[in-house]
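Heads up: the structure comes next, in C-alpha coordinates.
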Amino acid sequence: MLSRTADHLYWMARYIERAENMARVLDVTYNMSLVPNAAESEAALWLPALEISGNVEAYERDYFNETQQEYTAAGVIHYLAMDMNNPSSIYSSLRSARENARAVRVAMTSETWENINSLWLEFGQFFGQDLSQSGLSEFCDWVKARSHLFRGVCFGTMLRDDAFSFVRLGTFIERADNTARLLDVKYHLLLPEQEEVGGAVDYYEWSAVLRSVSAFQAYQKIFSDTIEPWRVAELLVLRRDMPRSLHACFDEITSILEQLSSSRATECRRMAGELHAKLRFGKMRDIFQHGLHEFLSEFVTANNKLGVEVHKTFLSIS
(Lines of atoms letter the chains of each structure in order from A and count residues from 1; the text may use other names and numbers.)
(Lines give C-alpha, C1' and ligand atoms only; values in the text may rest on other atoms or scores of the structure.)
Protein backbone atom coordinates (compact mmCIF):
# COMPACT_ATOMS: atom_id res chain seq x y z
CA MET A 1 0.00 0.00 0.00
CA LEU A 2 1.22 3.52 -0.80
CA SER A 3 2.42 5.48 2.21
CA ARG A 4 0.15 8.40 1.31
CA THR A 5 -2.96 6.18 1.32
CA ALA A 6 -1.95 4.50 4.58
CA ASP A 7 -1.35 7.91 6.14
CA HIS A 8 -4.84 9.17 5.26
CA LEU A 9 -6.54 6.02 6.58
CA TYR A 10 -4.50 6.03 9.77
CA TRP A 11 -5.27 9.67 10.55
CA MET A 12 -8.91 9.37 9.54
CA ALA A 13 -9.34 6.78 12.28
CA ARG A 14 -7.28 8.73 14.80
CA TYR A 15 -9.32 11.89 14.28
CA ILE A 16 -12.63 10.05 14.73
CA GLU A 17 -11.32 8.50 17.94
CA ARG A 18 -9.95 11.88 19.05
CA ALA A 19 -13.34 13.54 18.61
CA GLU A 20 -14.91 10.83 20.75
CA ASN A 21 -12.23 11.30 23.38
CA MET A 22 -12.84 15.03 23.56
CA ALA A 23 -16.56 14.34 23.98
CA ARG A 24 -15.74 11.98 26.84
CA VAL A 25 -13.51 14.60 28.51
CA LEU A 26 -16.27 17.19 28.30
CA ASP A 27 -18.87 14.70 29.48
CA VAL A 28 -16.94 13.52 32.54
CA THR A 29 -16.06 17.10 33.52
CA TYR A 30 -19.68 18.19 33.18
CA ASN A 31 -20.90 15.19 35.18
CA MET A 32 -18.38 15.89 37.94
CA SER A 33 -19.69 19.45 38.16
CA LEU A 34 -23.10 18.04 39.11
CA VAL A 35 -22.04 15.74 41.95
CA PRO A 36 -21.68 16.64 45.65
CA ASN A 37 -18.37 18.19 46.72
CA ALA A 38 -17.49 19.27 43.21
CA ALA A 39 -14.69 21.82 42.81
CA GLU A 40 -15.58 25.09 44.51
CA SER A 41 -14.67 27.34 41.59
CA GLU A 42 -15.57 27.05 37.94
CA ALA A 43 -11.92 27.43 36.98
CA ALA A 44 -10.78 24.59 39.27
CA LEU A 45 -13.31 22.30 37.63
CA TRP A 46 -12.73 23.09 33.96
CA LEU A 47 -8.99 23.84 33.86
CA PRO A 48 -8.03 20.12 34.02
CA ALA A 49 -9.95 19.47 30.79
CA LEU A 50 -7.57 21.91 29.10
CA GLU A 51 -4.49 20.58 30.90
CA ILE A 52 -4.91 16.97 29.88
CA SER A 53 -5.42 17.92 26.23
CA GLY A 54 -2.43 20.29 26.28
CA ASN A 55 -4.52 23.36 25.43
CA VAL A 56 -3.96 25.71 28.37
CA GLU A 57 -1.59 28.17 26.67
CA ALA A 58 -3.60 28.25 23.44
CA TYR A 59 -6.83 28.83 25.37
CA GLU A 60 -5.29 31.70 27.34
CA ARG A 61 -3.98 33.27 24.14
CA ASP A 62 -7.35 33.10 22.40
CA TYR A 63 -9.80 33.67 25.26
CA PHE A 64 -8.06 35.80 27.89
CA ASN A 65 -8.14 39.60 27.65
CA GLU A 66 -7.86 42.60 29.96
CA THR A 67 -11.28 42.00 31.51
CA GLN A 68 -11.47 38.20 31.27
CA GLN A 69 -8.75 36.15 32.98
CA GLU A 70 -10.68 33.08 34.11
CA TYR A 71 -11.42 29.58 32.85
CA THR A 72 -15.18 29.43 32.44
CA ALA A 73 -17.44 26.50 31.57
CA ALA A 74 -18.79 28.35 28.54
CA GLY A 75 -15.32 29.21 27.26
CA VAL A 76 -13.79 25.76 27.76
CA ILE A 77 -16.79 23.94 26.29
CA HIS A 78 -16.78 26.11 23.17
CA TYR A 79 -13.01 25.86 22.79
CA LEU A 80 -12.90 22.05 23.06
CA ALA A 81 -16.10 21.39 21.13
CA MET A 82 -16.70 23.98 18.43
CA ASP A 83 -13.69 26.29 18.08
CA MET A 84 -12.61 26.26 14.43
CA ASN A 85 -9.15 27.59 15.35
CA ASN A 86 -8.43 24.84 17.89
CA PRO A 87 -6.86 21.92 15.97
CA SER A 88 -7.91 19.43 18.66
CA SER A 89 -11.54 20.54 19.03
CA ILE A 90 -14.31 18.14 18.10
CA TYR A 91 -15.13 20.38 15.13
CA SER A 92 -11.54 20.28 13.83
CA SER A 93 -11.16 16.53 14.43
CA LEU A 94 -14.33 15.64 12.51
CA ARG A 95 -13.42 18.02 9.70
CA SER A 96 -9.94 16.49 9.42
CA ALA A 97 -11.37 12.97 9.49
CA ARG A 98 -13.64 13.79 6.56
CA GLU A 99 -10.82 15.45 4.61
CA ASN A 100 -8.59 12.41 5.05
CA ALA A 101 -11.43 10.07 4.07
CA ARG A 102 -12.24 12.09 0.96
CA ALA A 103 -8.61 11.88 -0.17
CA VAL A 104 -8.71 8.05 -0.21
CA ARG A 105 -12.32 7.22 -1.04
CA VAL A 106 -11.20 4.47 -3.42
CA ALA A 107 -9.36 2.68 -0.58
CA MET A 108 -12.48 2.25 1.55
CA THR A 109 -15.97 0.92 1.05
CA SER A 110 -18.74 3.22 -0.10
CA GLU A 111 -20.51 2.61 3.21
CA THR A 112 -17.50 3.88 5.15
CA TRP A 113 -17.28 7.06 3.10
CA GLU A 114 -21.02 7.69 3.31
CA ASN A 115 -20.87 7.24 7.08
CA ILE A 116 -18.14 9.86 7.52
CA ASN A 117 -19.69 12.27 5.04
CA SER A 118 -23.12 12.08 6.69
CA LEU A 119 -21.48 12.51 10.10
CA TRP A 120 -20.01 15.82 8.96
CA LEU A 121 -23.26 16.99 7.42
CA GLU A 122 -25.24 16.13 10.58
CA PHE A 123 -22.67 17.94 12.70
CA GLY A 124 -23.96 21.18 11.20
CA GLN A 125 -27.06 20.97 13.39
CA PHE A 126 -24.93 21.99 16.38
CA PHE A 127 -23.48 25.13 14.81
CA GLY A 128 -24.56 28.24 16.69
CA GLN A 129 -25.73 26.37 19.78
CA ASP A 130 -24.49 27.43 23.22
CA LEU A 131 -23.67 23.99 24.57
CA SER A 132 -22.79 25.41 27.98
CA GLN A 133 -26.42 26.38 28.50
CA SER A 134 -28.13 23.22 27.27
CA GLY A 135 -27.57 20.13 25.21
CA LEU A 136 -23.96 19.31 26.13
CA SER A 137 -24.75 15.75 27.26
CA GLU A 138 -26.83 15.13 24.14
CA PHE A 139 -24.04 16.52 21.95
CA CYS A 140 -21.41 14.31 23.61
CA ASP A 141 -23.68 11.27 23.28
CA TRP A 142 -24.15 12.03 19.58
CA VAL A 143 -20.39 12.25 18.97
CA LYS A 144 -19.79 8.97 20.79
CA ALA A 145 -22.62 7.22 18.95
CA ARG A 146 -21.33 8.34 15.53
CA SER A 147 -17.83 7.19 16.45
CA HIS A 148 -19.22 3.76 17.38
CA LEU A 149 -21.12 3.67 14.09
CA PHE A 150 -17.96 4.49 12.13
CA ARG A 151 -16.08 1.58 13.68
CA GLY A 152 -19.01 -0.74 13.12
CA VAL A 153 -19.22 0.16 9.43
CA CYS A 154 -15.47 -0.33 9.00
CA PHE A 155 -15.57 -3.68 10.77
CA GLY A 156 -18.61 -4.86 8.86
CA THR A 157 -17.68 -3.81 5.33
CA MET A 158 -13.90 -3.43 4.87
CA LEU A 159 -11.69 -6.15 3.42
CA ARG A 160 -9.19 -7.48 5.97
CA ASP A 161 -6.18 -6.04 4.17
CA ASP A 162 -3.58 -3.37 4.93
CA ALA A 163 -6.18 -0.60 4.66
CA PHE A 164 -8.23 -2.14 7.45
CA SER A 165 -5.08 -2.70 9.52
CA PHE A 166 -4.07 0.97 9.32
CA VAL A 167 -7.57 2.07 10.33
CA ARG A 168 -7.40 -0.21 13.37
CA LEU A 169 -3.84 0.86 14.20
CA GLY A 170 -4.82 4.52 14.21
CA THR A 171 -7.87 3.76 16.35
CA PHE A 172 -6.01 1.88 19.07
CA ILE A 173 -2.97 4.15 19.31
CA GLU A 174 -5.31 7.10 19.74
CA ARG A 175 -7.56 5.20 22.15
CA ALA A 176 -4.65 4.23 24.38
CA ASP A 177 -3.62 7.88 24.57
CA ASN A 178 -7.22 8.89 25.21
CA THR A 179 -7.82 6.43 28.05
CA ALA A 180 -4.61 7.41 29.82
CA ARG A 181 -5.39 11.12 29.55
CA LEU A 182 -9.02 10.68 30.58
CA LEU A 183 -8.05 8.71 33.69
CA ASP A 184 -5.62 11.53 34.44
CA VAL A 185 -8.56 13.99 34.42
CA LYS A 186 -9.65 12.44 37.69
CA TYR A 187 -6.15 12.80 39.12
CA HIS A 188 -5.86 16.49 38.17
CA LEU A 189 -9.34 17.29 39.45
CA LEU A 190 -9.33 15.50 42.79
CA LEU A 191 -5.63 15.45 43.65
CA PRO A 192 -4.19 18.68 42.27
CA GLU A 193 -1.44 18.92 44.86
CA GLN A 194 0.17 15.55 44.13
CA GLU A 195 -1.54 13.98 47.11
CA GLU A 196 -1.31 10.24 47.68
CA VAL A 197 -3.57 8.28 45.37
CA GLY A 198 -5.75 5.61 46.92
CA GLY A 199 -7.50 7.32 49.84
CA ALA A 200 -11.23 7.65 50.38
CA VAL A 201 -12.79 8.95 47.18
CA ASP A 202 -16.36 10.01 46.67
CA TYR A 203 -18.47 7.33 44.97
CA TYR A 204 -20.10 9.72 42.53
CA GLU A 205 -16.82 11.15 41.24
CA TRP A 206 -15.47 7.70 40.42
CA SER A 207 -18.83 6.73 38.91
CA ALA A 208 -18.51 9.68 36.52
CA VAL A 209 -15.07 8.49 35.43
CA LEU A 210 -16.35 4.95 34.81
CA ARG A 211 -19.42 6.10 32.92
CA SER A 212 -17.28 8.35 30.74
CA VAL A 213 -15.56 5.27 29.28
CA SER A 214 -18.70 3.10 29.30
CA ALA A 215 -17.20 0.99 32.08
CA PHE A 216 -19.63 1.43 34.98
CA GLN A 217 -21.58 -1.76 34.30
CA ALA A 218 -18.38 -3.68 33.59
CA TYR A 219 -17.01 -2.58 36.97
CA GLN A 220 -20.16 -3.73 38.76
CA LYS A 221 -20.09 -7.08 36.97
CA ILE A 222 -16.41 -7.77 37.71
CA PHE A 223 -16.05 -6.44 41.26
CA SER A 224 -19.61 -6.34 42.67
CA ASP A 225 -18.44 -3.95 45.36
CA THR A 226 -18.12 -0.28 46.22
CA ILE A 227 -16.03 1.75 43.81
CA GLU A 228 -12.37 1.83 44.85
CA PRO A 229 -9.73 3.89 43.03
CA TRP A 230 -7.23 1.08 42.60
CA ARG A 231 -9.92 -1.12 41.05
CA VAL A 232 -10.97 1.61 38.62
CA ALA A 233 -7.34 2.01 37.61
CA GLU A 234 -6.94 -1.75 37.27
CA LEU A 235 -10.00 -1.92 35.02
CA LEU A 236 -8.81 0.89 32.73
CA VAL A 237 -5.11 0.03 32.74
CA LEU A 238 -4.49 -3.69 33.21
CA ARG A 239 -7.72 -5.56 32.39
CA ARG A 240 -7.37 -6.97 28.88
CA ASP A 241 -11.11 -7.83 28.75
CA MET A 242 -12.08 -4.14 29.09
CA PRO A 243 -12.28 -2.75 25.51
CA ARG A 244 -10.92 0.73 26.30
CA SER A 245 -8.18 -0.38 28.70
CA LEU A 246 -4.53 0.27 27.93
CA HIS A 247 -3.84 -3.47 27.99
CA ALA A 248 -6.62 -4.22 25.48
CA CYS A 249 -5.35 -1.47 23.18
CA PHE A 250 -1.84 -2.89 23.13
CA ASP A 251 -3.09 -6.42 22.58
CA GLU A 252 -4.48 -5.04 19.33
CA ILE A 253 -1.53 -2.79 18.47
CA THR A 254 1.07 -5.56 18.81
CA SER A 255 -1.09 -7.92 16.75
CA ILE A 256 -1.58 -5.34 13.98
CA LEU A 257 2.13 -4.52 13.82
CA GLU A 258 2.91 -8.21 13.39
CA GLN A 259 0.48 -8.31 10.45
CA LEU A 260 2.11 -5.21 8.95
CA SER A 261 5.62 -6.31 9.80
CA SER A 262 8.41 -5.66 7.37
CA SER A 263 12.16 -5.45 7.54
CA ARG A 264 11.76 -1.78 8.55
CA ALA A 265 9.28 -2.40 11.37
CA THR A 266 11.62 -3.89 13.97
CA GLU A 267 11.73 -0.75 16.12
CA CYS A 268 7.94 -0.34 16.03
CA ARG A 269 7.46 -3.91 17.21
CA ARG A 270 10.09 -3.49 19.92
CA MET A 271 8.53 -0.30 21.31
CA ALA A 272 5.01 -1.74 21.23
CA GLY A 273 6.20 -5.00 22.78
CA GLU A 274 7.91 -3.17 25.64
CA LEU A 275 4.74 -1.27 26.53
CA HIS A 276 2.64 -4.39 26.09
CA ALA A 277 4.86 -6.34 28.49
CA LYS A 278 4.49 -3.67 31.18
CA LEU A 279 0.71 -3.86 30.90
CA ARG A 280 0.59 -7.64 30.63
CA PHE A 281 2.82 -8.37 33.61
CA GLY A 282 2.39 -5.19 35.67
CA LYS A 283 0.68 -5.11 39.05
CA MET A 284 -1.62 -2.40 40.29
CA ARG A 285 0.17 -2.25 43.62
CA ASP A 286 3.42 -1.29 41.91
CA ILE A 287 1.69 1.33 39.76
CA PHE A 288 0.17 3.07 42.78
CA GLN A 289 3.47 2.87 44.62
CA HIS A 290 5.17 4.54 41.66
CA GLY A 291 2.30 7.03 41.37
CA LEU A 292 -0.71 6.74 39.08
CA HIS A 293 -0.17 10.19 37.59
CA GLU A 294 3.49 9.48 36.93
CA PHE A 295 2.69 6.10 35.36
CA LEU A 296 0.08 7.61 33.05
CA SER A 297 2.36 10.48 32.04
CA GLU A 298 5.18 8.08 31.17
CA PHE A 299 2.76 5.89 29.24
CA VAL A 300 1.44 8.83 27.19
CA THR A 301 5.01 9.84 26.32
CA ALA A 302 5.97 6.30 25.26
CA ASN A 303 2.77 5.86 23.26
CA ASN A 304 3.41 9.15 21.44
CA LYS A 305 6.93 8.00 20.59
CA LEU A 306 5.45 4.81 19.16
CA GLY A 307 3.14 6.92 17.01
CA VAL A 308 6.13 8.87 15.69
CA GLU A 309 7.95 5.62 14.87
CA VAL A 310 4.87 4.24 13.09
CA HIS A 311 4.82 7.39 10.95
CA LYS A 312 8.52 7.09 10.11
CA THR A 313 8.21 3.41 9.26
CA PHE A 314 4.94 3.18 7.35
CA LEU A 315 3.48 6.60 6.61
CA SER A 316 6.26 9.00 5.63
CA ILE A 317 6.60 9.59 1.90
CA SER A 318 10.14 8.94 0.73
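Its first residue numbered 7, the sequence shown is counted upward by one per residue in my numbering.
Ideal Cβ positions, reconstructed from N, Cα and C, are used throughout, including at glycine.
All values reported here derive from a predicted model rather than from experimental measurement.
On the premise that residue j lies in contact with residue i, defined as a C-beta separation below 8 Å, what is that separation, rounded to the nearest angstrom?
i, j, result
"Leu32", "Asp190", "Leu32 to Asp190, Cβ: 15 Å. No contact."
"Asn310", "Leu281", "With a Cβ gap of about 11 Å, Asn310 and Leu281 do not count as contacting."
"Arg291", "Ile179", "Not quite, the Cβ-Cβ distance comes to about 28 Å (not below 8 Å), so this is no contact."
"Leu56", "Ala169", "With a Cβ gap of about 35 Å, Leu56 and Ala169 do not count as contacting."
"Thr319", "Ala278", "With 8 Å as the limit, Thr319 and Ala278 do not qualify as a contact, their Cβ atoms being about 11 Å apart."
"Arg275", "Leu263", "5 Å"
At a cut-off of 7 Å, would you count residue i as near the ligand GTP, judging by its Cβ distance to the nearest heavy atom?
i, result
"Leu125", "Looking for the ligand GTP in the displayed structure turns up nothing, as the structure carries no ligands at all."
How about residue i and residue j: are their beta carbons less than 8 Å apart?
i, j, result
"Leu188", "Ser218", "yes"
"Ile96", "Ala87", "yes"
"Leu241", "Gly288", "no"
"Ala29", "Cys160", "no"
"Ala113", "Thr177", "no"
"Ser94", "Arg24", "yes"
"Glu26", "Ser153", "yes"
"Phe256", "Ala182", "yes"
"Gly60", "Tyr69", "no"
"Leu216", "Tyr225", "yes"
"Ala221", "Leu298", "no"
Thinking just about the alpha-carbon of each residue, which of the options is nearest to the one in residue i?
i, options, result
"Arg174", "Ala221, Ser261 and Leu216", "Ser261"
"Ser2", "Met18, Glu76 and Arg157", "Nothing about residue 2 can be reported from this structure: the residues present for the chain run from 7 to 324 only."
"Asn184", "Val306, Gly81 and Lys150", "Val306"
"Leu254", "Asn61, Ala283 and Thr73", "The residue asked about is misnamed: residue 254 is Ala in this sequence, not Leu. With distances taken between Cα atoms, Ala254 lies closest to Ala283."
"Thr78", "Glu48, Asn106 and Val316", "Glu48"
What span of residues does the alpha helix (DSSP H) with residue i cover, start to end?
i, result
"Thr307", "Leu298 to Val316"
"Met277", "Thr272 to Phe287"
"Tyr225", "Phe222 to Phe229"
"Ile96", "Ile96 to Ala109"
"Ala39", "The question names Ala, yet the displayed sequence has Ser at residue 39. Its alpha helix (DSSP H) spans residues Ser9 to Leu40."
"Leu86", "Ala79 to Ala87"
"Thr118", "Ser116 to Phe129"
Unbroken alpha helix (DSSP H) runs of length 4 or more, entirely within the region 239 to 267: which are they?
252 to 265
Pick out the complete alpha helix (DSSP H) segments inside the region 43 to 69, 4 residues or longer, and give them in chain order.
48 to 58 and 62 to 69
Runs of alpha helix (DSSP H) wholly within the region 143 to 202 (minimum 4 residues, chain order):
168 to 196
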